[in-house]
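Numbering (UniProt numbering), first residue to last: 1 to 164.
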(Lines of atoms letter the chains of each structure in order from A; the text may use other names.)
(Lines give C-alpha, C1' and ligand atoms only; values in the text may rest on other atoms or scores of the structure.)
Protein backbone atom coordinates (compact mmCIF):
# COMPACT_ATOMS: atom_id res chain seq x y z
CA UNK A 1 0.00 0.00 0.00
CA UNK A 2 1.37 3.38 -0.95
CA UNK A 3 0.04 6.67 0.45
CA UNK A 4 0.24 10.07 -1.25
CA UNK A 5 -0.56 13.32 0.52
CA UNK A 6 -1.32 16.57 -1.17
CA UNK A 7 -0.85 19.92 0.62
CA UNK A 8 -4.33 20.78 1.86
CA UNK A 9 -5.52 22.83 4.83
CA UNK A 10 -4.96 21.39 8.30
CA UNK A 11 -8.42 19.88 8.50
CA UNK A 12 -8.25 17.75 5.35
CA UNK A 13 -6.32 14.59 4.54
CA UNK A 14 -6.23 13.18 1.08
CA UNK A 15 -4.55 10.08 -0.18
CA UNK A 16 -4.56 7.34 -2.74
CA UNK A 17 -4.32 3.70 -1.85
CA UNK A 18 -3.78 0.77 -4.19
CA UNK A 19 -3.80 -2.97 -3.76
CA UNK A 20 -0.26 -4.35 -3.99
CA UNK A 21 1.25 -0.89 -4.41
CA UNK A 22 0.20 -0.63 -8.08
CA UNK A 23 -0.84 2.98 -8.78
CA UNK A 24 -0.91 2.57 -12.56
CA UNK A 25 -4.00 3.76 -14.42
CA UNK A 26 -5.05 0.14 -14.94
CA UNK A 27 -4.63 -0.80 -11.26
CA UNK A 28 -7.40 -0.75 -8.69
CA UNK A 29 -6.97 2.50 -6.75
CA UNK A 30 -9.31 4.34 -4.43
CA UNK A 31 -9.11 7.97 -3.37
CA UNK A 32 -9.69 8.50 0.32
CA UNK A 33 -10.66 11.92 1.69
CA UNK A 34 -10.90 12.50 5.43
CA UNK A 35 -12.14 15.76 6.86
CA UNK A 36 -11.42 16.53 10.50
CA UNK A 37 -13.87 18.97 12.06
CA UNK A 38 -12.77 21.25 14.87
CA UNK A 39 -14.60 21.00 18.18
CA UNK A 40 -15.31 24.13 20.20
CA UNK A 41 -13.26 22.97 23.18
CA UNK A 42 -11.68 26.27 24.30
CA UNK A 43 -13.44 29.28 25.80
CA UNK A 44 -12.30 32.83 25.10
CA UNK A 45 -9.66 34.28 27.44
CA UNK A 46 -8.97 37.99 27.92
CA UNK A 47 -5.45 39.22 27.12
CA UNK A 48 -5.33 41.33 30.31
CA UNK A 49 -6.44 40.39 33.82
CA UNK A 50 -8.09 43.83 34.16
CA UNK A 51 -8.45 47.01 32.13
CA UNK A 52 -8.28 50.65 33.29
CA UNK A 53 -8.99 53.99 31.69
CA UNK A 54 -9.65 57.60 32.71
CA UNK A 55 -12.02 60.08 31.08
CA UNK A 56 -12.85 63.72 31.67
CA UNK A 57 -16.39 64.38 32.84
CA UNK A 58 -18.99 65.96 30.59
CA UNK A 59 -17.96 64.34 27.28
CA UNK A 60 -19.23 61.50 25.13
CA UNK A 61 -16.37 59.26 24.00
CA UNK A 62 -16.62 57.00 20.94
CA UNK A 63 -13.86 54.78 22.28
CA UNK A 64 -12.70 54.86 25.90
CA UNK A 65 -10.72 51.64 25.65
CA UNK A 66 -10.71 48.28 23.91
CA UNK A 67 -10.80 44.90 25.63
CA UNK A 68 -9.51 41.90 23.72
CA UNK A 69 -10.08 38.18 24.13
CA UNK A 70 -8.52 35.28 22.23
CA UNK A 71 -9.53 31.68 21.70
CA UNK A 72 -7.21 28.68 21.19
CA UNK A 73 -9.52 26.69 18.92
CA UNK A 74 -8.16 26.09 15.41
CA UNK A 75 -11.03 26.77 13.05
CA UNK A 76 -12.25 30.29 12.22
CA UNK A 77 -15.72 29.33 13.42
CA UNK A 78 -14.55 28.71 16.97
CA UNK A 79 -11.32 30.72 17.28
CA UNK A 80 -12.77 34.13 16.44
CA UNK A 81 -14.45 36.34 19.01
CA UNK A 82 -17.88 37.32 17.70
CA UNK A 83 -19.34 39.25 20.61
CA UNK A 84 -18.51 41.13 23.78
CA UNK A 85 -21.08 41.94 26.44
CA UNK A 86 -21.16 44.18 29.51
CA UNK A 87 -22.66 42.00 32.23
CA UNK A 88 -22.91 44.73 34.87
CA UNK A 89 -26.37 46.24 35.13
CA UNK A 90 -27.29 49.90 34.86
CA UNK A 91 -24.04 51.29 33.56
CA UNK A 92 -23.73 54.28 31.23
CA UNK A 93 -21.48 52.27 28.89
CA UNK A 94 -21.85 50.14 25.77
CA UNK A 95 -19.48 47.75 24.01
CA UNK A 96 -19.30 46.80 20.34
CA UNK A 97 -18.34 43.54 18.59
CA UNK A 98 -14.69 44.59 18.55
CA UNK A 99 -14.48 45.19 22.31
CA UNK A 100 -14.55 49.00 22.10
CA UNK A 101 -16.18 50.54 25.17
CA UNK A 102 -17.90 53.93 24.97
CA UNK A 103 -20.06 55.95 27.33
CA UNK A 104 -23.73 56.37 26.45
CA UNK A 105 -24.22 59.53 28.49
CA UNK A 106 -22.08 62.35 29.84
CA UNK A 107 -20.39 61.33 33.08
CA UNK A 108 -20.27 63.58 36.14
CA UNK A 109 -17.39 63.56 38.63
CA UNK A 110 -19.74 64.97 41.31
CA UNK A 111 -22.14 62.05 40.82
CA UNK A 112 -19.61 59.20 40.52
CA UNK A 113 -15.81 59.29 40.37
CA UNK A 114 -15.27 55.68 39.30
CA UNK A 115 -17.09 52.90 37.48
CA UNK A 116 -16.28 49.21 37.69
CA UNK A 117 -17.93 47.10 34.99
CA UNK A 118 -17.68 43.42 34.07
CA UNK A 119 -17.26 42.30 30.46
CA UNK A 120 -17.50 38.82 28.94
CA UNK A 121 -16.63 37.50 25.48
CA UNK A 122 -18.26 34.91 23.19
CA UNK A 123 -16.58 32.97 20.41
CA UNK A 124 -18.41 32.40 17.12
CA UNK A 125 -19.51 28.96 18.35
CA UNK A 126 -21.34 30.72 21.22
CA UNK A 127 -18.93 29.53 23.92
CA UNK A 128 -18.67 32.13 26.68
CA UNK A 129 -15.47 33.14 28.45
CA UNK A 130 -15.05 31.25 31.72
CA UNK A 131 -14.09 34.46 33.51
CA UNK A 132 -15.36 37.96 32.92
CA UNK A 133 -12.83 40.77 32.99
CA UNK A 134 -13.03 43.83 35.22
CA UNK A 135 -12.92 47.25 33.57
CA UNK A 136 -12.32 50.31 35.78
CA UNK A 137 -13.07 53.75 34.40
CA UNK A 138 -12.05 56.78 36.47
CA UNK A 139 -13.91 60.05 35.92
CA UNK A 140 -11.73 63.16 36.15
CA UNK A 141 -13.27 66.55 36.97
CA UNK A 142 -13.12 69.45 34.55
CA UNK A 143 -10.95 72.26 35.89
CA UNK A 144 -13.41 75.01 36.83
CA UNK A 145 -12.10 78.56 37.24
CA UNK A 146 -12.95 80.21 40.51
CA UNK A 147 -11.80 81.15 43.99
CA UNK A 148 -10.68 78.46 46.34
CA UNK A 149 -9.97 78.61 50.05
CA UNK A 150 -10.76 82.28 50.57
CA UNK A 151 -13.60 84.66 51.07
CA UNK A 152 -15.85 85.08 48.05
CA UNK A 153 -15.81 88.85 48.69
CA UNK A 154 -12.96 91.31 48.41
CA UNK A 155 -13.06 94.33 50.60
CA UNK A 156 -10.84 97.30 51.06
CA UNK A 157 -9.68 100.45 49.33
CA UNK A 158 -7.13 101.06 46.71
CA UNK A 159 -6.14 99.38 43.52
CA UNK A 160 -6.51 95.72 42.87
CA UNK A 161 -4.05 93.96 40.65
CA UNK A 162 -4.49 90.37 39.54
CA UNK A 163 -1.64 88.45 37.94
CA UNK A 164 -2.70 85.35 36.09
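Every residue, glycine too, gets a C-beta built ideally from N, C-alpha and C. Bear in mind that the values here come from a model prediction, so they are computed numbers and not experimental data.
DSSP state of residue i mapped onto helix, strand, coil
i, result
"residue 61", "coil"
"residue 30", "strand"
"residue 45", "strand"
Contact check, residue i vs residue j, beta carbons under 8 angstroms
i, j, result
"residue 38", "residue 123", "no"
"residue 66", "residue 99", "yes"
"residue 34", "residue 106", "no"
"residue 68", "residue 47", "yes"
"residue 146", "residue 40", "no"
"residue 63", "residue 90", "no"
"residue 80", "residue 95", "no"
"residue 52", "residue 131", "no"
6 angstroms CB neighbourhood of residue i in its chain, flanking five on each side removed
i, result
"residue 54", "138 and 140"
"residue 88", "117 and 118"
"residue 114", "138"
"residue 74", "38"
Close-in-space but distant-in-sequence residues of the same chain around residue i (CB under 8 angstroms, 5 per side omitted)
i, result
"residue 108", "57, 58 and 139"
"residue 50", "133, 134, 135 and 136"
"residue 83", "97, 121 and 122"
Own chain, CB closer than 7 angstroms to residue i, minus 5 neighbours either side, in chain order
i, result
"residue 128", "43, 120 and 122"
"residue 92", "103, 104, 105 and 107"
"residue 45", "69, 70 and 129"
"residue 142", "56, 57 and 58"
Curious, which full-length alpha helix (DSSP H) runs of at least 4 residues does the UniProt domain "Cadherin" (47-154) contain? The qualifying runs are 76-79.
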